[in-house]
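What follows is one structure encoded as structure tokens, with my remarks underneath.
So, in structure tokens, the structure goes:
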């Protein structure tokens, strides 16, 4: 298993993986080809893919707002789960975020996603029940 930077040439494979992993995505919004390409140009080291030879089997996108780093879009092909692919992606994303200056790294996980909650706890993340997530969106597609 090899983790490497993703490029816009990987876009179609990324979307196919997200579909296989049942990861919801916004193809007309933040996950459109143009939005992903823009983000990749700004922070190329934040788009990571796990490969089994030439097959993309996992993705993670990191982001950094100069206050904290974020782990986003972690997805692993169902056939490759429980093989430490996600842990490798998380560790690599954390290294990229720390190189940018992040000293706090966070993740949003839906409360029904017990597998992801347990994974992040296993990787040293602490659950904070006193935080309520709010958002304001221009539309459902973003």
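In this note's numbering, the protein residues as written are 11 to 152.
Ideal Cβ placement from N, Cα and C applies to all residues, glycine included.
Exercise. Any chance the stretch 67-81 sits against the stretch 94-106, with 3 or more Cβ pairs inside 8 angstroms?
Worked result: yes
Exercise. Under a three-way DSSP split, which group does residue 64 fall into?
Worked result: Three-state DSSP puts residue 64 in coil, outside helix and strand.
For this session: List the DSSP bridge partners of residue 15.
Result: Residue 15 is bridged by DSSP to 58.
Exercise. Measuring CB to CB, does residue 56 end up less than 8 angstroms from residue 42?
Worked result: no
Exercise. Apart from the five residues on each side of it in sequence, which residues of its chain come closer than 7 angstroms, Cβ to Cβ, to residue 153?
Worked result: What the structure shows of the chain is the stretch from 11 to 152, and residue 153 is not part of that stretch, so it cannot be assessed.
For this session: Check each candidate in 23, 31, 32, 36 and name the one with the smallest Cα separation from residue 149.
Result: 36
Problem set entry | Separation of residue 104 from residue 114, as counted between CA atoms | 10 angstroms
Problem set entry | Beta-carbon proximity of residue 152 to residue 40, cut-off 8 angstroms | One thing to note: residue 152 has its Cβ within 8 angstroms of the Cβ of residue 40.
Exercise. Do residue 87 and residue 117 have their C-beta atoms within less than 8 angstroms of each other?
Worked result: Taking 8 angstroms as the Cβ cut-off, residue 87 and residue 117 do not qualify as a contacting pair.
Problem set entry | Short Cβ contact (8 angstroms threshold) for residue 125 with residue 95 | no
Problem set entry | Where residue 143 falls, given that 16 or more other Cβ within 10 Å makes a residue buried | exposed
Exercise. Hey, which unbroken runs of the alpha helix (DSSP H) at 4 residues or more fall wholly within the stretch 71-148?
Worked result: Fully enclosed alpha helix (DSSP H) runs of 4 or longer: 95-110, 124-132.
Exercise. How many angstroms separate the CA atom of residue 91 from the CA atom of residue 69?
Worked result: 12 angstroms
Problem set entry | Cβ neighbours of residue 112 in the same chain (closer than 7 angstroms, five flanking residues each side left out) | 74, 78, 79
Problem set entry | 8 angstroms Cβ cutoff met for residue 85 and residue 33 | yes
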